[in-house]
Amino acid sequence: MTPTAKPTIWQGDTLYLFAIVVFALGWNLVFGEAWPGSLVESIYTDTFTYMIRVTEAEWWSDRGQFAAYNTPFGTVLHWTFPFPALITALAAPFALILPWGDAVAIAGSFSSFLCLIAVAFGLYRLTRYLTTPGWAAIGTVVAISCQPIFNYGQLGRPDHHMLALATVVWFWVALAGMELGERRRLASIAAGLVAALALWTTPETMPGLVGGIALQIWYRLCQNLEKVVVSAPTDRLINDGILAVTWLLGTTAAVLIDPPFEGQWAPAYDRISIVHLAFVCCTGMLLVARSPLAQAINPSLPGKRFIQRVLATGILGLSVVGLFLFAFPESPAGALNHVSPAMEPWISAIQEMQPATKITDILINYTGPIFGLIALALLLEDQEEGISVQKLLLLGVIGCCAGLTLVGIIHYRFSYYAVAAVAPFIFHLPKRLAEYGHEWLQPDKTVALMLALPLVTVAINKAVSEEREPTYNLFGRSAVELALAANGELEQHYEQEIGGRPNSPATFPGGQAACDSFPMVHQLAEIVPQLSVASGSDQKLNGMFPQNPGPALVYTAGIRVVAAPYHRNEDGLLASQSFYSAYEIEGVPQMILENRSIDLVGVCVKPVIDQPDLERPGVYSWALAGGDEDYAPALIIPGRWVILARRSLLGDWAPVFFVDERDLEDANTEEAGYSNSPAAPEANQE
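Just so you know, the sequence shown maps onto residues 868 to 1553 in my numbering.
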């Protein structure tokens, strides 16, 4: 693990860096979901929410207040300044010749991709400490093509996740510079500032930051294995102090500039706050004390000295963690601290928060870490017999990478840290396999396989999933209700708790995820201007829709919505769940429509069209029957969506029928089970 090719500045690497940029752009254009200047049409909340906030709001002064969700009351976003600032800076040049909204759209489409390039350059820099430019480039392109990194870093997906990864990777680069670089003071300052920016971007960077510090500590312990040093190295202690102080000052400045909505020093666990200031203080204690503590242990036998130093440093680390948890014991729960128990099943159902249990998920998302761990195992096998610095270093790297991989498997949103951590070692796998001399083990084939395997798995999994028969659970129950139902105690529970079966027992309306949202979003955007004119108000229309298309509806159709898949929009999500899961449309659903002044209601009717015998909540029958005296269809996508609007907003043009190309053979609305209420206007065909 001794560096074999230390880079000085970037001499001789320009061609390889250019090749990495070309590869990343080509990979995006071929396998990405959007072209430059456009946005990915998916349910990613962050994509459209960031676009809305930068386009419409003064994000630097609103303290996170966001009127577009939980309409008409609004909600509070936990997102911080760094990523909106990046989009704004990128949009400024385009705004000289384009409207602000168009400039933001273009800037947003490139924002995560530029962060991906920053990640790639950082990984290349790290890998160059270990090998030649060509192999470093190979390791880098394999890493950035892995699904966890590519998923967040593609064109058209403005999202803070790739900025978070970029800050963590460059923090690792700065830590490496503190140990191996020529300007170590500068590297210490950079490490502190980048770490502060990482926490400011999102506290989700904490695993990556801690992993880098742990590996740096291990490196120092291993380097001193055969040395007896009486006093702590002054330079190293000064550099550690610079890192700790710079990190603390940067984090303090971030909290002062961008405080939580709840108050300047209020604890918030899903965005930077005093909680993370305490984390930096505790980590700073570890950074400053680690070297003096290790050097104070100086027995005569090197092996015994190493073991005692490891134990002492481990105890110091655990003490620091214990101090932080003593101050903020709720920290491990993270974002769950900001939701009620009623919302915890919803949080746990988010794919990014679930562990990878299927072999296809592991192949798709974790081939990078798997390749890297195999490469590290081969490197370990190549070492000579006996204990050596190299072996101990490798064991520490394997442990760190395996730990980050385990965290990524438990929570997908952290998986890109695992990919980035092993990237500097992926290069060794094709290099080692080539030594066997077999034609099919040469780098031109093994590298291609490493790039192609995740894509092939994605394609196979998609093809298989499309062949499956759809199944719908229209009454998604909470984990508690499912357990009671399995024991035959659910009805008894209802009787004891609330005097009978509730009108809205569902925790989330599973059937509402059955429809493809974006054809509906675009068609609704075409008729919203007519509805807005009829309303006679400058206020945006209020919509009750399932959570998934909510952000896209706000950005594309220009309305406000009750529900969006965002954990701090708890009131809106619970209202949506109550509406779509109620047995009858009368009562709670009608109260929700009235209290929130709802102008538009969207219902995905595909579940009951595909399986008419399903027990259905009242909203399905209400939509298929053409609404009531207050609401009537404005847009119908046969077999999929019914969009109802207040009758006062409709003209003789309504309802508009839009036939999805996939359903041309079933376009007959009578067969689809629709009917118009007696007062509804005649339908026009579009």
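Don't be surprised by glycine CBs; every beta carbon is placed ideally from N, CA and C.
This one's a predicted model, so the numbers in the text were calculated from it and none came from an experiment.
Between the C-alpha atoms of E1451 and S1443, what's the straight-line distance to the nearest angstrom? Mapped onto the sequence shown, residue 1451 falls at position 584. Mapped onto the sequence shown, residue 1443 falls at position 576. Looking at the two C-alpha atoms, the distance is approximately 14 angstroms.
Using 10 angstroms around the beta-carbon of K1473, count the other beta-carbons present and answer buried if the total reaches 16, otherwise exposed. Within the sequence shown, the letter at position 606 stands for residue 1473. With 16 or more other Cβ atoms within 10 Å, it is buried.
Using the rule of at least 16 other Cβ atoms within 10 Å of the residue's Cβ for burial, across every protein chain shown, is N895 buried or exposed? Position 28 of the sequence shown, counting from 1, holds the residue named residue 895. The residue in question, N895, is buried, as its Cβ has 16 or more Cβ neighbours within 10 Å.
Grouping DSSP H, G and I as helix and E and B as strand, with all else coil, what is G1343? On the sequence shown, residue 1343 is found 476 positions in, with the first residue counted as 1. Only weak support exists for where G1343 lies, its pLDDT of 46 falling under 50; the value from the coordinates is given anyway. G1343 falls in the strand class under three-state DSSP.
Could you give the DSSP three-state label for R1050: helix, strand or coil? The residue labelled residue 1050 in the question sits at position 183 within the sequence shown. Coil at R1050, not helix or strand.
Should the region 1019-1028 be regarded as contacting the region 1314-1322, the criterion being three or more beta carbon pairs within less than 8 angstroms? no
If you measure between the beta carbons of T1118 and H1143, is that distance less than 9 angstroms? For the purposes of this step, residue 1118 is taken as residue 251 along the sequence shown, with counting starting at 1. For the purposes of this step, residue 1143 is taken as residue 276 along the sequence shown, with counting starting at 1. Result yes, Cβ atoms of T1118 and H1143 sit closer than 9 angstroms.
Would a C-beta distance cut-off of 9 angstroms place A972 and L906 closer than the cut-off? Here residue 972 refers to the residue found at position 105 of the sequence shown. Here residue 906 refers to the residue found at position 39 of the sequence shown. Yes, the Cβ-Cβ distance between A972 and L906 is below 9 angstroms.
If you reduce the DSSP assignment to three classes, tell me which class L1511 lands in. Working through the sequence shown from its first residue, we reach residue 1511 at position 644. Residue state, collapsed to three classes: strand.
Three CB pairs or more closer than 8 angstroms across the region 1237-1247 and the region 1259-1271: yes
In whole angstroms, give me the CA-to-CA distance for V1206 and E1437. In the sequence shown, the residue the question calls residue 1206 occupies position 339. In the sequence shown, the residue the question calls residue 1437 occupies position 570. So the alpha carbons of these two residues sit roughly 7 angstroms apart.
With a floor of 4 residues, list each alpha helix (DSSP H) that falls wholly inside the region 1423-1498, ordered by position along the chain. 1437-1448, 1455-1462, 1473-1477, 1485-1491
CA-CA distance, G1075 and P1416? Residue 1075 sits at position 208 when you count from the first residue of the sequence shown. Residue 1416 sits at position 549 when you count from the first residue of the sequence shown. Each residue's Cα considered, the two are about 32 angstroms apart.
Can you look up L1022 in the DSSP assignment and give me helix, strand or coil? Translated into positions along the sequence shown, residue 1022 becomes position 155. Note: L1022 maps to coil in three-state DSSP.
Apart from the five residues just before and just after A1156, which ones in its own chain have a Cβ nearer than 7 angstroms to its Cβ? For this step, residue 1156 is matched to residue 289 along the sequence shown. L1183, listed in sequence order.
Would Y1136 and F1195 qualify as a contact pair, given that the criterion is a beta-carbon distance under 9 angstroms? Along the sequence shown, one-based indexing puts residue 1136 at 269. Along the sequence shown, one-based indexing puts residue 1195 at 328. The answer is yes: Cβ separation under 9 angstroms.
Please classify V943: does DSSP put it in a helix, a strand, or coil? Counted from its first residue, the sequence shown places residue 943 at position 76. V943 falls in the strand class under three-state DSSP.
Alpha carbon to alpha carbon, how far is Q1221 from Q1309? Taking the first residue of the sequence shown as position 1, residue 1221 is located at position 354. Taking the first residue of the sequence shown as position 1, residue 1309 is located at position 442. Each residue's alpha carbon lies about 37 angstroms from the other.
Let's see if you can read the secondary structure: which residues bound the beta strand (DSSP E) around N1409? For this step, residue 1409 is matched to residue 542 along the sequence shown. Where N1409 is concerned, the enclosing beta strand (DSSP E) stretches over 1409-1411.
Grab the span of the alpha helix (DSSP H) containing R1568 for me, first residue to last. For the chain, the structure presents residues 868 to 1553; residue 1568 sits outside this window and is missing.
How is the alpha helix (DSSP H) around P949 delimited, first residue to last? For this step, residue 949 is matched to residue 82 along the sequence shown. That run of the alpha helix (DSSP H) goes 949-961.
Assigned exposure category for H1305 - 16 Cβ within 10 Å defines buried: Position 438 of the sequence shown holds residue 1305. By the 10 Å Cβ count, H1305 comes out exposed.
Contact check, F933 vs V943 under 8 angstroms by CB: the rounded distance? Locating residue 933 in the sequence shown gives position 66, where the first residue counts as 1. Locating residue 943 in the sequence shown gives position 76, where the first residue counts as 1. Indeed they touch by this definition, with Cβ atoms about 7 angstroms apart.
I want to know whether the region 1056-1074 touches the region 1028-1035 - three or more CB-CB distances under 8 angstroms. yes
Cα-Cα separation between A1392 and E1496, rounded to whole angstroms: As a working note, residue 1392 is residue 525 in the sequence shown. As a working note, residue 1496 is residue 629 in the sequence shown. Looking at the two C-alpha atoms, the distance is approximately 24 angstroms.
For Q932, list the residues DSSP reports as bridge partners. As a working note, residue 932 is residue 65 in the sequence shown. DSSP, once it has assigned bridges, lists V943 as partnering Q932.
I need the boundaries of the alpha helix (DSSP H) containing H1278, first residue and last residue. Taking the sequence shown and counting its residues from 1, the one referred to as residue 1278 is at position 411. Premise fails: H1278 is in no alpha helix (DSSP H) and is neither H nor E.
With a Cβ-Cβ cutoff of 9 angstroms, do I1504 and V1526 count as a contact? The residue you call residue 1504 lines up with position 637 of the sequence shown. The residue you call residue 1526 lines up with position 659 of the sequence shown. The answer is yes: Cβ separation under 9 angstroms.
List the endpoints of the continuous alpha helix (DSSP H) containing E1393. Taking the first residue of the sequence shown as position 1, residue 1393 is located at position 526. 1384-1402 is the extent of the alpha helix (DSSP H) around E1393.
Going by DSSP, what residues sit across from I1080 in a beta bridge? The residue given as residue 1080 occupies position 213 in the sequence shown. None; I1080 has no bridge partner.
Quick one, are the C-beta atoms of V1400 and I1426 less than 9 angstroms apart? Numbered from its first residue, the sequence shown carries residue 1400 at position 533. Numbered from its first residue, the sequence shown carries residue 1426 at position 559. No, the Cβ-Cβ distance between V1400 and I1426 is not below 9 angstroms.
Cα-Cα separation, L981 to A1287: For the purposes of this step, residue 981 is identified with residue 114 of the sequence shown, where counting begins at 1. For the purposes of this step, residue 1287 is identified with residue 420 of the sequence shown, where counting begins at 1. L981 and A1287: Cα-Cα distance of roughly 16 angstroms.
Alpha helix (DSSP H) segments (min. 4 residues) lying fully within the region 973-1022: 1000-1012, 1014-1020
Between the C-alpha atoms of S1198 and R1138, what's the straight-line distance to the nearest angstrom? As a first step, residue 1198 must be located in the sequence shown, where it is residue number 331. As a first step, residue 1138 must be located in the sequence shown, where it is residue number 271. Those two C-alpha atoms are separated by around 12 angstroms.
For the 8 angstroms Cβ check, are there 3 or more pairs between the region 1002-1016 and the region 962-978? no
Measure the alpha-carbon distance for T1180 versus I1174 and round it to whole angstroms. The residue given as residue 1180 occupies position 313 in the sequence shown. The residue given as residue 1174 occupies position 307 in the sequence shown. Going by the C-alpha atoms only, they are around 10 angstroms apart.
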